[in-house]
């Protein structure tokens, strides 16, 4: 297929316009950059849906060491301690940087930052903006700053479809827009594409968040880490709306409790109760639902009529569903929310492919381990954007190759595989269901169709989940309930995943013949 080649002068191409992508572009200024957004700016990104805030040790009794300890505890043995320490120490400065870009964080009457408490945090350290609409405020301010920055060329409604690699290095980004395919020759590409929640039927993520950044990296030959770890938020608002509205963990931080349909609090004996790590709470809710009981978040005693003032966006979402959170318990269920795994990157955000960086949810830095600590995601995006920007700026970009042709896949559509992914890769997993999922996903991934890239990503996650024969953090295997004594990070590439999937599919008929 012939491509319309745009000479961008070797400028870096940033793929994704959430917090991570926008911050990277702004921090590279005044160096020219090209920022790709697959929709209009401010629409379609997970960042803008974030109700929770940013975790940073800015309170008087808090410290980076306490933040470090909480993060390591939640990560269940798989965090990279060096990365965690570096991130939590940089978090307060990231808050100040965001303020310089125009973010208006919530403050008390005395001018100090208003700090919230969320699950598994030992201190109030959650910095919010616009109450329970932190993501929306972050994206609003960063978009305004990006539009004011002359060095940033913004291409809206342009979707990256492939990375062109030559001799193991990035030479171009192939993208699609309404008028056709384009090639952007560059030696520097940054993935900031967000997560994978759109692969699941129940998710808080936009439907387009189906792992396209992972597909780009996979087809380019990049290495991945810890793909099996998918975090399910315990309290999504139950109902037909997709993405599922999130009932922020901050509501539980204010004292709301989880009850069954009889009003019984089923987490009363669990260490930490409603503020236990997310994997613990999500599994507890799942078990209630699996037993045929409904689950509700009850904020009537702790907030009551104050709910509207403290959580105006959530109150509005509840009322749209016919619920008054001041007087009614809120029906909730777990939903796919965040991906701890991703493109394996080093301390500068570099992937295993020369000229390819990743930051934000699409990357695996080692900060989150097996289970992300609440509100560490937005702060990770802000902090690691500065590391990536510094690294990208220090790389030479003299070569400008000519790109003549490349394969341009169809626009990804995960709708057909969501039931498969939801069954195989849910909160509780088992080997037989995972193998069935792999066998179903493999031919879809191999076929040149709209579901191919999403199926490819789901296939890699399923293979990683099969290989981890233990239960740790968000990864729970009913057939391997124990936790291995030695924590180990998983590593995977697309060829190794395909090889394993083919071998499994080949052995499946043999098993059926022998039984």
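Residue numbers (UniProt numbering): 1 to 515.
Don't be surprised by glycine CBs; every beta carbon is placed ideally from N, CA and C.
**Prompt:** Which one or two residues does DSSP pair with residue 185 in a beta bridge?
**Reply:** Note: residue 185 sits in a beta bridge opposite 172.
**Request:** Just tell me which of 54, 69 and 192 has its CA closest to the CA of residue 106.
**Result:** 54
**Request:** Compute the distance between the beta-carbons of residue 253 and residue 275, then report whether it is under 9 angstroms.
**Result:** yes
**Request:** Given a cut-off of 9 angstroms, decide if residue 408 and residue 217 are closer than it, judged by their beta-carbon atoms.
**Result:** For the pair residue 217 and residue 408, the CB atoms are not nearer than the 9 angstroms cut-off.
**Message:** Taking only three categories from DSSP, how would you classify residue 215?
**Reply:** helix
**Prompt:** Do you know offhand how far residue 277's Cα is from residue 499's?
**Reply:** Between the C-alpha atoms of residue 277 and residue 499 there is a straight-line separation of about 35 angstroms.
**Helix, strand or coil at residue 55 [DSSP, three-state]** = strand
**Prompt:** Are residue 33 and residue 17 touching if we call contact CB-CB under 9 angstroms?
**Reply:** no
**Message:** Spatial neighbours of residue 422 within its chain, please: C-beta separation below 6 angstroms, excluding the five flanking residues on both sides.
**Reply:** 200 and 201
**Prompt:** Looking at C-alpha atoms only, which residue of 36, 271, 299 and 267 is the closest neighbour of residue 286?
**Reply:** 267
**Message:** Which residue marks the beginning of the beta strand (DSSP E) containing residue 161, and which one marks its end?
**Reply:** 159-166
**Message:** Please report the distance separating the alpha-carbon of residue 464 from that of residue 110.
**Reply:** Cα to Cα, residue 464 sits roughly 50 angstroms from residue 110.
**Asked** Whose C-alpha, out of 70, 214 and 296, is nearest the C-alpha of residue 357?
**Response** Of the listed residues, the one whose Cα sits closest to residue 357 is 214.
**Inside the segment 124-151 only - alpha helix (DSSP H) runs reaching at least 4 residues** = Inside the segment 124-151, DSSP marks whole alpha helix (DSSP H) runs of 4 or more residues at positions 134-148, from first to last along the chain.
**Prompt:** Which one or two residues does DSSP pair with residue 298 in a beta bridge?
**Reply:** The partner list for residue 298 (beta bridge, DSSP) reads 257.
**Item:** Close-in-space but distant-in-sequence residues of the same chain around residue 259 (CB under 6 angstroms, 5 per side omitted)
**Value:** Excluding residues within five positions, the ones whose Cβ falls inside 6 angstroms are 265, 296 and 298.
**Asked** Cα separation between residue 160 and residue 14?
**Response** 10 angstroms
**Item:** 6 angstroms Cβ shell around residue 183 - same chain, five flanking residues per side excluded
**Value:** 3, 5, 172, 174 and 403
**Prompt:** Taking the continuous alpha helix (DSSP H) assigned at residue 437, which residues delimit it?
**Reply:** 431-446
**Request:** Would you tell me roughly how many angstroms separate the C-alpha atoms of residue 59 and residue 124, rounded to the nearest one?
**Result:** 7 angstroms
**Prompt:** How many angstroms separate the CA atom of residue 513 from the CA atom of residue 506?
**Reply:** Because the pLDDT at residue 513 is just 42, under 50, the model does not fix this residue reliably, and the value given afterwards should be weighed accordingly. Approximately 12 angstroms, taken between the alpha carbons.
**Item:** Residues near residue 84 by beta carbon distance below 7 angstroms, same chain, minus five either side
**Value:** 68, 71, 72 and 367
**Item:** Residue range of the alpha helix (DSSP H) that includes residue 452
**Value:** 452-467 is the span of the alpha helix (DSSP H), which, as asked, contains residue 452.
**Item:** Alpha-carbon spacing of residue 20 relative to residue 388, whole angstroms
**Value:** 10 angstroms
**Message:** Beta-carbon within less than 6 angstroms of residue 469's beta-carbon, same chain only, minus the 5 sequence neighbours each way: which residues are those?
**Reply:** Only 480 meet the Cβ criterion.
**Request:** Determine the direct distance from the alpha carbon of residue 414 to that of residue 346, and round the result to whole angstroms.
**Result:** 30 angstroms
**Prompt:** In terms of DSSP beta bridges, what is residue 4 paired with?
**Reply:** 182
**Request:** Spell out a yes or no on whether the segment 228-247 and the segment 328-342 are touching, meaning 3 or more CB-CB pairs, one atom from each, closer than 8 angstroms.
**Result:** yes
**Request:** Measure the Cβ-Cβ separation of residue 378 and residue 102 and say whether it is below 9 angstroms.
**Result:** no
**Prompt:** Mind checking whether residue 504 and residue 456 have CB atoms under 9 angstroms apart?
**Reply:** no
**Asked** Nearest-angstrom Cα distance between residue 57 and residue 250?
**Response** 17 angstroms
**Asked** Given that a residue counts as buried once 16 or more other Cβ atoms are within 10 Å of its Cβ, and exposed if not, what is residue 344?
**Response** When all chains shown are included, residue 344 counts as buried.
**Asked** If you draw a straight line from the C-alpha of residue 78 to the C-alpha of residue 7, how long is it?
**Response** 43 angstroms
**Prompt:** Within 10 angstroms of its Cβ, does residue 301 collect 16 or more other Cβ (buried), or is it exposed?
**Reply:** Classification of residue 301: exposed, given that the 10 Å Cβ count is below 16.
**Request:** Using alpha carbons as the reference points, say which of 141, 155, 281 and 461 lies closest to residue 178.
**Result:** 155
**Prompt:** In whole angstroms, what is the alpha-carbon distance linking residue 361 and residue 435?
**Reply:** 26 angstroms
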